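Quick note, the sequences are listed as chains F and P, same order.
Under full-length UniProt numbering, the first residue of the first sequence is numbered 1, with each subsequent residue one higher.
Under full-length UniProt numbering, the first residue of the second sequence is numbered 1, with each subsequent residue one higher.
Protein chains: 2
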Amino acid sequence: MATLTTLALDAMGGDHGPSIVIDALQRALDAFPDVHFLVVGDEDELLPLLTQAKLATHSRVTLKHASQTVTMTDKPGYSLRAKPDSSMRVALELVAAEDAAACVSAGNTGALMTKAYFTLKTLPGVLRPALMSAIPQQQGGSAFVLDLGANPVCDSDTLFQFGVMGSVAAQEVLGIAKPRVALLNMGEEEIKGNDVVKATAALLQQSHHINYIGFIEGDDLFAGKADVIVCDGFVGNIALKSCEGLAELLLNNIKANIHAHWLTRWFVKLFYQRLQRSWDWLKPDHYNGASLIGLRGVVIKSHGDANARAFYSAIEQAVEETQRDLPTRIRDRVEQVLLEQE
Amino acid sequence: MATLTTLALDAMGGDHGPSIVIDALQRALDAFPDVHFLVVGDEDELLPLLTQAKLATHSRVTLKHASQTVTMTDKPGYSLRAKPDSSMRVALELVAAEDAAACVSAGNTGALMTKAYFTLKTLPGVLRPALMSAIPQQQGGSAFVLDLGANPVCDSDTLFQFGVMGSVAAQEVLGIAKPRVALLNMGEEEIKGNDVVKATAALLQQSHHINYIGFIEGDDLFAGKADVIVCDGFVGNIALKSCEGLAELLLNNIKANIHAHWLTRWFVKLFYQRLQRSWDWLKPDHYNGASLIGLRGVVIKSHGDANARAFYSAIEQAVEETQRDLPTRIRDRVEQVLLEQE
């Protein structure tokens, strides 16, 4: 019998309650026969749902009771102090105790980042965890962008490490042998960027462990020029959310335009679905889930608004990162890089 | 006879050479009968073009010779030192000498910002000039975003002043009585932004001269929630260029999708033109031109890739700001704000 991988699912997070987690679980049990799922949350709420889904006695499903729930508006510090028995915290503690290899949550991003950092700690040598997501590229395929908001302010050592961690992730998850790592920067020649970006460029240039290709500008984010794009969490968050805002503007324009012409109403479905797909893909943590990397365990943040399909994708990503043992790969590479710097 | 407003056009800037400037000039002479144009650049190149366009002896056109041209790849410091007689520099000096009220250039952005700052200086009390552009909003209309790259690093006093200057511009140019001013920030509650953004929020909150409405996130950039959106040049540049990159990705997707279906090929023109329009609108300085505000004179940066229509729009914007006397309005408001702070 093969060894089972164990995943902890925070069943109480997200805008749509536990039912979408149970739906996603049902699909995941079929897709991943070697995975055991710990479903974490309020027993009284979850048991009827599991029973209804005929999963209450499933051999690869274990219900783990947690008496509290982090809401989408709880402040991270408050939830850390006041909710020690939240489903999110318990799920992360299962990873910390090595009872699970990964945690998936659609809960409050700020609370998840704070709790994950507090509960799991960073890998040896890693300065800060980063929130990373894949974005689509012009010629197809994806690039990883990090950080998307875990660290509003970063020094050059931290950004350099994001380059290292992103590079490992692109190798393991995207299957790219020598990922091209770029720094996101503004466009003008002489006034290129700030001191932190310049210092990071120097560090990336020096390292033999990274295929650093230089600066890229915002308009190259989707151009297929890089496999890993590094920036601080403030810039990354605003850049990707701005794109989300623009996608919405364009989609609404298109909807308005096509409804205005009777002829083109035929094409609503075709165009809208295709565009909707591009748009959803751009939500940093919608379908694919965003990874909080650099921690002693795999943590996947699913979008708060995730439906069952989106939450399933986040589970899929957790399985992928766990099977690739991404934390160990990152730890090893960071160790090599630190030795190089000595 | 009405007094003529005088505008200086840098005829040598931009990717497409002086001919697009001459084409735009032809249109502008008809549209603005009260404007006199100083066409600045290489006489040997410009005179034949003006003659061909039958503008060489036009009563409201004066050719001003400048022996040098700033290229699109010249570094700002180099062009400042090595090209004292560039068309860009001469055009700005005409504004500094009050021989012109405004300068329009499609040249190298970095060089223009540096030269404008050096030649014109900031208005009394203004710490830094800012590059500002209008972006489309969901419900129609526009919002101003600043800074778009003149200042990669800003302190809170500078960002606060951008709020003041943007507010004056929205009143004068967009005609909004009480413009809603917002700060662009990242999303998470407790970890909201960096210290500079927080300190700026406090300053904006305190001022009676600004209708400050708080933070907005990247996905609200086009949502119609604010009339003036303030951020540092690093963030603003990356946010808007990222949107440009996304628009290109979506447009290419659409083109690929519609060409794949014979039925939908009919609709290529309709959709493509509509989308192309949204896209061009999003290029920070394509049609409308970007204003470099806070200086002792009006400076409009037209996109380097501008065609005659785009360059004409930049001229239009220069006329608008000149007729509204935007620099004086900004100077007065900054003075009031400084008095308030004493």
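The beta-carbon is built from N, C-alpha and C at its ideal position, and this holds for glycine as well.
From a predicted model like this one, the values you see are computed outputs, not experimental measurements.
Under the three-state DSSP convention, the category residue i falls into
{"i": "F222 (chain F)", "result": "coil"}
{"i": "T3 (chain P)", "result": "coil"}
{"i": "R333 (chain F)", "result": "helix"}
{"i": "T114 (chain P)", "result": "helix"}
{"i": "L25 (chain F)", "result": "helix"}
{"i": "L326 (chain P)", "result": "helix"}
{"i": "H16 (chain P)", "result": "coil"}
{"i": "T200 (chain F)", "result": "helix"}
{"i": "P284 (chain P)", "result": "Its pLDDT being 48, under 50, P284 (chain P) is placed unreliably in this model, and the value from its coordinates should be taken loosely. The answer is coil: DSSP assigns P284 (chain P) none of H, G, I, E or B."}
{"i": "T62 (chain F)", "result": "strand"}
{"i": "N108 (chain P)", "result": "coil"}
{"i": "M186 (chain P)", "result": "coil"}
{"i": "I176 (chain F)", "result": "coil"}
{"i": "D195 (chain P)", "result": "helix"}
{"i": "S207 (chain F)", "result": "coil"}
{"i": "Q52 (chain F)", "result": "helix"}
{"i": "V95 (chain P)", "result": "helix"}
For residue i, the residue or residues it bridges with in DSSP
{"i": "D10 (chain P)", "result": "P:V40"}
{"i": "L295 (chain P)", "result": "P:T122"}
{"i": "Y212 (chain F)", "result": "F:V181"}
{"i": "F144 (chain P)", "result": "P:A134 and P:V228"}
{"i": "C103 (chain P)", "result": "P:A8 and P:V299"}
{"i": "Q68 (chain F)", "result": "F:S86"}
{"i": "A290 (chain F)", "result": "F:K301"}
{"i": "L127 (chain P)", "result": "Beta-bridge pairing links L127 (chain P) to no other residue."}
{"i": "V35 (chain F)", "result": "F:T5"}
Interface partners of residue i on chain P, CB under 7 Å
{"i": "C243 (chain F)", "result": "S242, C243 and L246"}
{"i": "I238 (chain F)", "result": "L184, M186, G218, V235 and A239"}
{"i": "L221 (chain F)", "result": "S242 and G245"}
{"i": "P48 (chain F)", "result": "Within chain P, no residue comes near P48 (chain F); the closest Cβ sits about 32 Å away, beyond 7 Å."}
Classification of residue i by the beta-carbon crowding that lies within 10 angstroms, buried from 16 upward
{"i": "R309 (chain P)", "result": "exposed"}
{"i": "D147 (chain P)", "result": "buried"}
{"i": "K178 (chain F)", "result": "exposed"}
{"i": "R81 (chain P)", "result": "exposed"}
{"i": "Q171 (chain F)", "result": "buried"}
{"i": "P48 (chain F)", "result": "exposed"}
{"i": "L339 (chain P)", "result": "exposed"}
{"i": "G13 (chain P)", "result": "buried"}
{"i": "C208 (chain P)", "result": "The sequence given here places His at residue 208 (chain P); Cys does not occur at that position. Classification for H208 (chain P): exposed."}
{"i": "Y59 (chain F)", "result": "Strictly speaking, residue 59 (chain F) in this sequence is Ser, with Tyr absent from that position. Answer is exposed; the Cβ neighbour count stays below 16."}
{"i": "Q161 (chain P)", "result": "buried"}
{"i": "G141 (chain P)", "result": "exposed"}
{"i": "D227 (chain F)", "result": "buried"}
{"i": "D44 (chain P)", "result": "exposed"}
{"i": "D15 (chain P)", "result": "exposed"}
{"i": "K54 (chain F)", "result": "exposed"}
{"i": "Q52 (chain P)", "result": "exposed"}
{"i": "N108 (chain P)", "result": "buried"}
{"i": "G245 (chain P)", "result": "buried"}
{"i": "F118 (chain P)", "result": "exposed"}
{"i": "A91 (chain P)", "result": "buried"}
{"i": "T73 (chain P)", "result": "exposed"}
{"i": "G175 (chain F)", "result": "exposed"}
{"i": "Q317 (chain F)", "result": "buried"}
{"i": "A28 (chain F)", "result": "buried"}
Chain-ordered chain P contacts of residue i [CB-CB under 8 Å]
{"i": "G193 (chain F)", "result": "P152 and F234"}
{"i": "F162 (chain F)", "result": "Within chain P, no residue comes near F162 (chain F); the closest Cβ sits about 16 Å away, beyond 8 Å."}
{"i": "P136 (chain F)", "result": "L249"}
Contacts that residue i makes with chain P (C-beta to C-beta distance below 9 Å)
{"i": "I84 (chain F)", "result": "The residue asked about is misnamed: residue 84 (chain F) is Pro in this sequence, not Ile. Result: empty, since nearest Cβ-Cβ is about 18 Å, beyond 9 Å."}
Partners in chain F for residue i, counting only beta-carbon separations shorter than 7 Å
{"i": "G294 (chain P)", "result": "Simply none; closest approach about 17 Å."}
Chain-ordered neighbours of residue i on chain F, where CB pairs are closer than 9 Å
{"i": "G214 (chain P)", "result": "Those within 9 Å of G214 (chain P) in chain F number zero; the least Cβ separation is about 16 Å."}
{"i": "Q252 (chain P)", "result": "Sequence check: residue 252 (chain P) is Asn here, not Gln. In chain order: Q138."}
Rounded distance between the beta-carbons of residue j and residue i, thought under 8 Å
{"i": "A143 (chain P)", "j": "A130 (chain P)", "result": "That belief does not hold up - the Cβ atoms of A143 (chain P) and A130 (chain P) are roughly 15 Å apart, past 8 Å."}
{"i": "A11 (chain P)", "j": "L46 (chain P)", "result": "6 Å"}
{"i": "V230 (chain F)", "j": "G294 (chain F)", "result": "Not quite, the Cβ-Cβ distance comes to about 13 Å (not below 8 Å), so this is no contact."}
{"i": "G218 (chain F)", "j": "N237 (chain P)", "result": "7 Å"}
Residue i Cβ short of 8 Å to the ligand ATP heavy atom set
{"i": "L127 (chain P)", "result": "The model depicted lacks the ligand ATP and carries no ligand whatsoever."}
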